[in-house]
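One structure is given below, encoded as structure tokens.
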Amino acid sequence: MKGLSGALLRFRIMAWVTGVLLAVMSVIFLPLKYGFGLTDEGILATIYALGWQAHGWLYVLYVAAGLDISFRMRFTVVRTVAVLLAGTIPFASFFADHYVARSVRAKLDATA
Amino acid sequence: MIGLTLLAVALSALCVAAGLWQGSRTLDIVEAERAAVAAPLPVLEAASVDGFPATSVGRPVTAEGAYADAEQLLVAQRSLDGRPGEWVVTPFVVGGTTVAVLRGWIDSPASPALAVPAGPVRLEGALQPFEEFYAEQARLPDGRLVAVSREEIERAWGTPVVSLVLVLARQDPASVPAPAPVPLTVQTADVPFPLQNAAYTLQWFVFAGFVWVMWWLWVVRRSPAEAGPEDSLTG
């Protein structure tokens, strides 16, 4: 069990950071771009490009943290892939976070 | 186990394919941007008296108008391929706006190539910045310029000029003889690099690597432990 809570904390941080950024990008910036064309130039264009780049690299970290916690929790391959893919769907990472945190707590309680 | 291995091969192949696709998109975007910048633009659309976008430096342009009567200026001590000589800067009027045209190099102030063609002409060339070094230096006693200085040129012609110099490459109808074309000192500013697509390219390759990390964790490390105590892998 050593390291499990640390792995959970890392995963939760990444799930929230990527989740919030993805939600902001898709709920605010995608309509701005495709609805109003406001991200074509200027400061919004820069923020838009940086936002997606940041999300790309943060998602890499999310996958690393997700792999780590899934392996420690001995999730099946299908569950692991579901946890990892949740980082690409807006708001899904919050559910993944909730599910993983609950599983970890249950496991910790069972072995306590 | 064989199934998982095959899955890992398929998934990582997909990731690599997606990475290669993003990579080719990155290159396509750069190529399209370069093509857009390489297409000649009417000079007044590329720069004005008030300023110019950074992408206009080195940009090919066309200009349709006529050389003006104002004094043609020589820039002192400019060699071409090691031969001493001067540059010729001639005022050119496009739709009421004056453009400083660097027509080229001559070997002597008596050169017949100095003759300015009359009537409407069409120019092709590239835009270059005015020179900054010695730009505030007054003209020599014989009237020649020390540098391609916007300030001195505007003072000599008594009119504001477009904020970039048109370095002549072709003139239609051509002058015979004509000043020798001079090479560009500042090459085209490069187009913005599509960082986002380049980053996605790298990320796909990282994900292909993650697939094999997963494979290693689930197939290689976990299998022998299946029979062992549960926390032998994390303890």
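Chains as they are written, first to last, in our numbering: chain W, -10 to 101; chain A, 240 to 474.
The beta-carbon is built from N, C-alpha and C at its ideal position, and this holds for glycine as well.
A quick note: this is a predicted structure, and the numbers were derived from the prediction, not measured.
Cβ-based burial, residue i [other Cβ within 10 Å; buried from 16]
i, result
"V93 of chain W", "buried"
"R273 of chain A", "exposed"
"F25 of chain W", "exposed"
"A99 of chain W", "exposed"
"D381 of chain A", "exposed"
"E325 of chain A", "buried"
"M240 of chain A", "exposed"
"Y306 of chain A", "buried"
"G(-8) of chain W", "exposed"
"Q435 of chain A", "buried"
"L(-2) of chain W", "exposed"
"R322 of chain A", "exposed"
"A293 of chain A", "exposed"
"A(-4) of chain W", "buried"
"R91 of chain W", "exposed"
"A339 of chain A", "buried"
"A95 of chain W", "exposed"
"V16 of chain W", "exposed"
"A285 of chain A", "buried"
"P351 of chain A", "exposed"
"A349 of chain A", "exposed"
"A447 of chain A", "buried"
is_contact[residue i, chain D] using C-beta, thresh 9 Å
i, result
"A95 of chain W", "Chain labels in this structure do not include chain D; the protein chains are W and A."
Cutoff 6 Å; reference residue i; Cβ partners in own chain excluding five residues on either side
i, result
"T69 of chain W", "S59"
"Y48 of chain W", "T7, G76"
"P433 of chain A", "T265, I268"
"R461 of chain A", "none"
"E363 of chain A", "T301, A408, R409"
"L280 of chain A", "V300"
"D470 of chain A", "Legend: pLDDT at D470 of chain A = 43, less than 50; position of this residue unreliable, no value from coordinates given."
"M3 of chain W", "L50, Y51, A54"
"G262 of chain A", "T440"
Neighbour list for residue i in chain A, Cβ cutoff strictly below 9 Å
i, result
"W41 of chain W", "Q435, A438, Y439"
"V13 of chain W", "Per Cβ cutoff of 9 Å: no residues; V13 of chain W is ~16 Å from chain A at best."
Close Cβ partners of residue i (< 8 Å) along its chain, the five nearest in sequence each way excluded
i, result
"V248 of chain A", "none"
"H44 of chain W", "T7, L10, L11, M14"
"V288 of chain A", "T336, P399, V400, V401, S402"
"S(-6) of chain W", "V93, L97"
"Y373 of chain A", "V385, A386, S388"
"D57 of chain W", "A(-4), R(-1), F0"
"V66 of chain W", "none"
Cβ neighbours of residue i in the same chain (closer than 7 Å, five flanking residues each side left out)
i, result
"V450 of chain A", "A247, L250, S251, C254"
"T244 of chain A", "W454, V458"
"L312 of chain A", "V328, L384, I392, A395"
"L27 of chain W", "L21, L33"
"V406 of chain A", "L341, G364, A365, Q367, V421, L423"
"E270 of chain A", "none"
"V276 of chain A", "T294, R298, T427, V430"
"L456 of chain A", "none"
Where residue i meets chain W, residues with beta-carbon distance less than 8 Å
i, result
"Q442 of chain A", "G45, W46, Y48, V49"
"F446 of chain A", "V49, V52"
"L243 of chain A", "V66"
Chain A residues whose Cβ lies nearer than 7 Å to that of residue i
i, result
"L33 of chain W", "Result: empty, since nearest Cβ-Cβ is about 15 Å, beyond 7 Å."
"F60 of chain W", "L456"
"T77 of chain W", "The contacting residues do not exist; T77 of chain W stays about 11 Å from chain A at best."
Residues that residue i contacts on chain A, provided the C-beta gap is smaller than 8 Å
i, result
"L56 of chain W", "F449, V452, M453, L456"
"A38 of chain W", "L434, Q435"
"T7 of chain W", "Those do not exist, as T7 of chain W stays about 13 Å from chain A at its closest Cβ, beyond 8 Å."
"T28 of chain W", "None at all; the shortest Cβ gap to chain A is about 12 Å."
Proximity winner among the options, relative to residue i (alpha-carbon distances)
i, options, result
"P416 of chain A", "A:M453, A:A408, A:L353, A:P433", "A:L353"
"V400 of chain A", "A:W454, A:D267, A:S263, A:G290", "A:G290"
"V52 of chain W", "W:S(-6), W:G(-8), W:R1, W:L(-7)", "W:R1"
"V425 of chain A", "A:R322, A:Q435, A:A413, A:V404", "A:V404"
"S402 of chain A", "A:S295, A:E310, A:P299", "A:S295"
"D411 of chain A", "A:V360, A:D429, A:P422", "A:V360"
"S347 of chain A", "A:F446, A:P279, A:A408, A:S318", "A:S318"
"D86 of chain W", "W:K96, W:G31, W:V72", "W:V72"
"Q357 of chain A", "A:R378, A:V288, A:A309", "According to the sequence as given, residue 357 of chain A is Ala; it is not Gln. Measuring from the Cα of A357 of chain A, the nearest candidate turns out to be A:A309."
"V332 of chain A", "A:Q376, A:G297, A:E303", "A:E303"
"A278 of chain A", "A:V288, A:G297, A:S263, A:P292", "A:G297"
"A413 of chain A", "A:G262, A:A271, A:E270, A:V355", "A:V355"
"R378 of chain A", "A:Q316, A:S350, A:D429, A:V445", "A:Q316"
"W41 of chain W", "W:R61, W:M62, W:L19, W:G31", "W:L19"
"V314 of chain A", "A:A271, A:Q376, A:T427, A:F444", "A:Q376"
"W46 of chain W", "A:E284, A:V445, A:G334", "A:V445"
"V282 of chain A", "A:G242, A:G334, A:G448", "A:G334"
Sufficient close CB pairs (3 or more, under 8 Å) joining the region 361 to 373 of chain A to the region 384 to 393 of chain A
yes
Tell me, please, whether the region 30 to 47 of chain W touches the region 81 to 90 of chain W by the rule of three or more beta-carbon pairs shorter than 8 Å.
no
Segment contact flag, the region 342 to 358 of chain A with the region 416 to 431 of chain A, C-beta cutoff 8 Å, min 3 pairs
yes
Counting Cβ pairs closer than 8 Å, one from the region 440 to 448 of chain A and one from the region 254 to 266 of chain A, do we hit at least three?
yes
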